[in-house]
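Under full-length UniProt numbering, the sequence shown has 596 at position 596, and the numbering climbs by one with no breaks.
Heads up, the thing below is written out as structure tokens.
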Amino acid sequence: MLATFVAIGLVALTGVADYSVLGIEGPEVLTGYGTVVTRLLADIAAVVCIGSLLLATFLVPPQRTGLVGADGFAALRTAGVAAWAWFIAAVAAALYSAADAGGRGAHEMFDPTVLVGLVSAVEQPKAWLITASIALVLALGCRLVLSWQWTALLFLFSITGVLPVAFTGHSASGGAHDLATDSLVFHLVAAALWVGGLIAVVALGWRRSPHIGLAARRFSSVALACWVAMALSGLVNAFVRVSPASILETQYGLLLVGKATALAVLGVFGHQQRSRAVRAVVERGDRRQLLQLGGVEVLIMFATLGISAALSRTPYPAEGTEEPGTAEVLIGYDLAGPPTLARLLFDWRPDLIYGTVAIALAVLYLAGVRRLRRRGDPWPVGRTVAWLSGCASILIATSSGIGRYAPAMFSVHMGLHMIMSMVAPILLALGGAVTLALRAWRPAGKDNPPGPREWLLTLVESRLARILTQPVVALVLFVGSFYLLYFSGLFGFALNYHSAHVVMNAHFLLVGYAFFWPLIGIDPAPRRLPALGRLGVMFVSVPFHAFFGVILMNATTVVGREFYTNIGLPWVTDLLTDQQLGGGMAWALGEIPVLLVFTALMVQWARADAREARRIDRRADATDDEDLAAYNAMLRQLAEQEQHRQR
1 MLATFVAIGL VALTGVADYS VLGIEGPEVL TGYGTVVTRL LADIAAVVCI GSLLLATFLV
61 PPQRTGLVGA DGFAALRTAG VAAWAWFIAA VAAALYSAAD AGGRGAHEMF DPTVLVGLVS
121 AVEQPKAWLI TASIALVLAL GCRLVLSWQW TALLFLFSIT GVLPVAFTGH SASGGAHDLA
181 TDSLVFHLVA AALWVGGLIA VVALGWRRSP HIGLAARRFS SVALACWVAM ALSGLVNAFV
241 RVSPASILET QYGLLLVGKA TALAVLGVFG HQQRSRAVRA VVERGDRRQL LQLGGVEVLI
301 MFATLGISAA LSRTPYPAEG TEEPGTAEVL IGYDLAGPPT LARLLFDWRP DLIYGTVAIA
361 LAVLYLAGVR RLRRRGDPWP VGRTVAWLSG CASILIATSS GIGRYAPAMF SVHMGLHMIM
421 SMVAPILLAL GGAVTLALRA WRPAGKDNPP GPREWLLTLV ESRLARILTQ PVVALVLFVG
481 SFYLLYFSGL FGFALNYHSA HVVMNAHFLL VGYAFFWPLI GIDPAPRRLP ALGRLGVMFV
541 SVPFHAFFGV ILMNATTVVG REFYTNIGLP WVTDLLTDQQ LGGGMAWALG EIPVLLVFTA
601 LMVQWARADA REARRIDRRA DATDDEDLAA YNAMLRQLAE QEQHRQR
């Protein structure tokens with residue numbers, strides 16, 4: 001109720017968008033308020049669902065049989081109820097947002113013709129319907145699953161539920177919408193984990209669970225990371241939309257100041273939780289401070305959600321008088337000119353998602369290496385170089401001039417595709433990050449609840465990992481996705497959406513890693529072929545890649561013609577020529593991964609032979625050459641028998 005009152009009150013004070021510029025009348029007052037309330041209810045249900053699944057998966061221990069424990073089961077059922085509420089609120093939000101966008105009354109949405117017309121024309125209702133579908137799957141899944149592995153998959157899937165609306169809201173429009181949207185994704189995911197996790201932990205303490213100390217200690221680290229992520233992403237998102245000089249002169253800016261103040265207060269409460277409440281519950285089993293501070297913190301969080309809902313309803317200020325160019329409207333920024341070598345190398349624009357992921361992966365890897373060396377355990381330098389090179393290739397592909405020009409030019413996009421699907425996965429697979437993590441993390445112990453090391457082992461040994469690394473499945477996913485994406489119309493559709501670019505890059509990277517991991521990876525894989533088998537799988541994929549490039553080079557129709565025509569880059573005078581260049585890059589660059597894989601396999605093969613030779617030598621030394629002595633004795637016996645027959 002607090003969040004609802006805050007949201008409605010702020011909307012009443014700040015007003016609504018000016019619909020006259022669109023040539024339509026504004027919606028009814030109740031429609032405007034209904035849009036805010038339904039979004040807020042959906043957000044609250046979402047954080048409760050995600051937080052409950054976080055608790056069931058990582059904050060309380062499962063049973064030894066692999067099923068969730070009593071606390072996990074209770075959290076799973078809570079997540080199921082919240083998912084049903086999320087589904088209902090998301091459907092209502094779709095109806096209200098459609099009415100709001102069309103300047104209609106909510107009752108008009110019961111007319112199928114009006115509803116279908118608005119939903120097909122406006123992105124926000126579509127996003128809410130996708131969210132509703134995700135919530136429905138979660139509601140059914142929470143009733144059907146009991147194992148820890150499936151609960152973990154539900155938790156990961158639940159996070160995707162907050163993404164559709166993030167990619168279609170305020171941040172997805174106007175200039176710099178790539179930076180605004182990516183920062184909002186971090187902001188919403190961190191908020192869902194933090195708010196939902198705290199609610200789940202407070203509920204666990206209220207039930208007097210014996211695992212409240214473990215849950216509070218683990219969630220304390222999650223909460224700190226989420227607070228930092230929310231603060232940094234909030235700053236980026238705010239300054240993309242409002243200049244610092246005018247932040248106190250606009251309603252949108254004032255709401256941002258209010259939200260930032262609430263986050264600062266929450267940071268103080270979080271510090272108190274970590275320094276006092278968590279220590280009290282872990283050391284003495286005293287949960288009173290946790291419940292007191294947590295209860296107040298939850299109320300402030302709900303008020304913050306109310307401010308966020310009001311922000312979603314408040315138009316951000318339009319600063320400047322220049323009309324954005326076509327490129328800025330379509331991809332979020334303008335391009336300085338043709339993609340020269342200097343621009344591709346030095347004209348950087350940060351990709352907040354993949355740039356952050358690449359840097360974080362590099363830092364975590366170096367932290368693991370440092371931990372091993374402090375214990376006196378060696379770690380090969382070559383693996384470190386390979387992993388850091390893989391992270392650097394992701395950063396360069398997405399944040400350098402390559403990533404800047406890739407959304408606007410097919411040829412540059414194909415270069416990014418090759419790096420993300422072939423170069424980076426090979427280098428990451430050679431880095432052996434799983435092996436490093438298993439060595440750096442200590443086992444939880446026989447009588448202790450599972451920790452990160454056990455979670456990672458469960459993931460590596462899971463049925464999903466076995467399916468994805470099956471040679472035929474990995475080959476079909478790796479090669480088949482080229483043909484499906486570019487020759488089915490999916491690519492032309494995806495060009496219009498920043499979210500689709502994010503998904504494409506994730507697909508390239510993950511499918512490439514799943515293909516190369518069992519072939520040349522250092523880490524233990526669920527399926528490991530012999531050396532000749534791995535080389536054979538690699539060579540089988542080569543003709544398919546070459547044929548894909550040849551098809552693009554000889555095609556007479558342009559893939560994604562409508563988008564590339566609309567963006568109208570003056571230096572791309574012939575779209576077909578640019579596509580043929582991209583096809584040539586796919587054909588030529590496809591040979592580089594083959595060389596890398598072949599070299600890696602030969603080195604691994606030689607090292608395996610050397611290890612086997614050393615093993616035989618150690619065995620011979622340990623047995624004083626008993627096998628050789630027995631062999632020589634057999635030869636002497638045969639010689640004596642031959643001499644006896646000759647006599």
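Beta carbons are placed, not taken as given, at the ideal position from N, Cα and C, and that holds for glycine.
As the structure is a computational prediction, the values presented were derived from the model and not from experiment.
Residue j beta carbon less than 8 Å from that of residue i
i: A215; j: V60; result: yes
i: I520; j: A429; result: yes
i: A408; j: L224; result: no
i: V145; j: L154; result: yes
i: G205; j: S52; result: no
i: L456; j: A444; result: no
i: H417; j: F508; result: yes
i: A327; j: I567; result: yes
i: A46; j: G234; result: no
i: Y486; j: V559; result: yes
i: S399; j: R349; result: yes
i: W128; j: P338; result: no
i: A200; j: T57; result: no
i: S421; j: G492; result: no
i: L475; j: V540; result: yes
i: S209; j: D351; result: no
Buried or exposed (CB count within 10 angstroms, at least 16 for buried), residue i
i: R534; result: buried
i: T556; result: exposed
i: I592; result: exposed
i: I467; result: exposed
i: R404; result: buried
i: L459; result: exposed
i: residue 649; result: Because residue 649 is not part of the residues shown, which for the chain are 1 to 647, the question remains open.
i: T38; result: buried
i: P164; result: buried
i: Y564; result: buried
i: T65; result: exposed
i: L532; result: exposed
i: V385; result: exposed
i: P380; result: exposed
i: A3; result: Per-residue confidence for A3 stands at a pLDDT of 45, beneath the threshold of 50, marking its modelled position as unreliable; the derived number appears in the next sentence. Result: buried.
i: T35; result: buried
i: V116; result: exposed
i: P378; result: exposed
i: V202; result: buried
i: V91; result: buried
i: A336; result: exposed
i: A588; result: exposed
i: V363; result: exposed
i: V268; result: exposed
i: P27; result: Below a pLDDT of 50, predicted positions are generally treated as unreliable, and P27, at 49, falls in that range; no measurement from the model is reported.
i: G536; result: exposed
Cβ-heavy atom distance, residue i to the ligand ZN, below 7 Å
i: Y497; result: The ligand ZN is not among the ligands present in this structure, which contains no ligands whatsoever.
Paired residues, beta bridge with residue i - DSSP
i: S133; result: DSSP lists no partner for S133.
i: L67; result: S147
Integer-rounded CB distance, given that residue j should sit under 8 Å from residue i
i: A98; j: V119; result: 6 Å
i: residue 710; j: Y365; result: Examination of residue 710 is not possible in this model, given that the chain is present from 1 through 647 alone.
i: residue 675; j: A397; result: No answer is possible for residue 675: it lies beyond the span of the chain, which begins at 1 and ends at 647.
i: V479; j: F410; result: At roughly 20 Å, the Cβ-Cβ gap does not stay under 8 Å, so V479 and F410 are not in contact.
i: N237; j: H177; result: Not really, about 11 Å apart at Cβ, beyond 8 Å.
i: C142; j: L193; result: Rounded, the Cβ-Cβ distance is 18 Å, inconsistent with contact.
i: L345; j: G401; result: 6 Å
i: W387; j: G355; result: With 8 Å as the limit, W387 and G355 do not qualify as a contact, their Cβ atoms being about 17 Å apart.
i: A424; j: I394; result: 5 Å
i: A191; j: A132; result: Contact doesn't hold; Cβ gap of about 20 Å is too wide.
i: V594; j: V542; result: 6 Å
i: S147; j: L67; result: 6 Å
i: R527; j: T599; result: Contact flag wrong, Cβ pair sits at about 22 Å.
i: A260; j: A303; result: The pair is not a contact, with the Cβ atoms about 13 Å apart (cut-off 8 Å).
i: L529; j: P471; result: 6 Å
i: I50; j: I159; result: 6 Å
Would you call the segment 72–86 and the segment 221–236 touching, i.e. three or more CB-CB distances under 8 Å?
Cβ pair count under 8 Å is below three, so no.
Can at least three beta-carbon pairs, one atom from the segment 498–508 and one from the segment 570–588, be found at a separation below 8 Å?
Two segments are said to touch when three or more pairs of C-beta atoms, one from each, lie closer than 8 Å; by this definition the segment 498–508 does not touch the segment 570–588.
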